[in-house]
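In the numbering used here, the protein residues as written are 3 to 206.
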Ligand SMILES: Cc1cc2nc3c(=O)[nH]c(=O)nc-3n(C[C@H](O)[C@H](O)[C@H](O)COP(=O)(O)O)c2cc1C
């Protein structure tokens, strides 16, 4: 569909403004209300627009429901104790608290199967990254704050077992979404820093 020139300009300006005004908001600053069921569906549909070589769909999202938050806090605590048998109480409290923030909490999982010689793991990871960026932008467009967060617990066998991950799956990060109490803007790198012309080394 070709839009009239004015409309194209509007869409380009809107897209630039949407992308340029997105900043991560730490989960502790994300409060209710969060996305409702219809909005959550639209967020996942946005994620599903990610480029995906051979349509492998190498990722999935697991929602941690409200009634499962204490269970997740117990899991974080257990993972902390696996690393440090007698941790300081404040460290335990901090790790438990991560389970309780943000009204919408999703776990992003990356999959290495099915095998496809043409699609290495790096490409699959790019697909998940693109999916998450689309989700973050869609959440921002709905007026919500959001952030991706990881942590050592996600890389532990205990965590993988608790989430029922397959041997071909890896927990990558949490996605927290909610109403932002505050948004901290920060400078972005300039295009100049990130873009250069190819200059092949002279091997003649
Ligand atoms: C997969 C992934 C995991 C991340 N995990 C954390 C984390 O555990 N803690 C953290 O402070 N930032 C983490 N970040 C960075 C934040 O999500 C965010 O990108 C950063 O704070 C910069 O904010 P911005 O999105 O406004 O540029 C992670 C980013 C990615 C892509």
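For every residue, glycine included, the Cβ atom is placed at its ideal position computed from N, Cα and C.
Within 8 Å, strictly: CB atoms of residue i and residue j
i, j, result
"residue 111", "residue 55", "no"
"residue 31", "residue 140", "no"
"residue 1", "residue 198", "Here the chain covers residues 3 to 206 and nothing more, so residue 1 does not appear."
"residue 126", "residue 60", "yes"
"residue 113", "residue 171", "yes"
"residue 188", "residue 25", "yes"
"residue 174", "residue 130", "yes"
"residue 116", "residue 58", "yes"
"residue 67", "residue 98", "no"
Rounded Cβ spacing between residue i and residue j (contact assumed at less than 8 Å)
i, j, result
"residue 185", "residue 86", "Their Cβ separation, rounded to whole angstroms, is 34 Å, which puts residue 185 and residue 86 out of contact at 8 Å."
"residue 105", "residue 153", "Actually they are not in contact, since the Cβ atoms of residue 105 and residue 153 sit about 20 Å apart, beyond 8 Å."
"residue 108", "residue 65", "6 Å"
"residue 158", "residue 81", "5 Å"
"residue 151", "residue 6", "Actually they are not in contact, since the Cβ atoms of residue 151 and residue 6 sit about 42 Å apart, beyond 8 Å."
CB contact check: residue i to chain D, cutoff 8 Å
i, result
"residue 49", "Among the protein chains of the structure shown there is no chain D, as only one such chain exists."
- Is the region 46–63 touching the region 129–145 in the sense that three or more CB pairs, one from each, lie closer than 8 Å? yes
- Task: Enumerate, from N- to C-terminal direction, the unbroken alpha helix (DSSP H) stretches of 4 or more residues contained entirely within the region 112–186.
- Result: 123–143, 159–164
- Output the residue ranges of the beta strand (DSSP E) runs that lie fully inside the region 51–98 and measure 3 residues or longer, sorted by chain position. 61–65
- Task: Indicate whether the contact test is met: 3 or more Cβ pairs, each with one atom in the region 169–181 and one in the region 147–157, closer than 8 Å.
- Result: yes
- Message: Any residue with its Cβ nearer than 6 Å to a heavy atom of ligand 1 should be included. What is that list in chain order?
- Response: 25, 26, 149, 150, 151, 152, 153, 174, 175
- Item | Inter-stretch contact at 8 Å, needing at least 3 Cβ pairs: the region 93–109 / the region 4–24 | no
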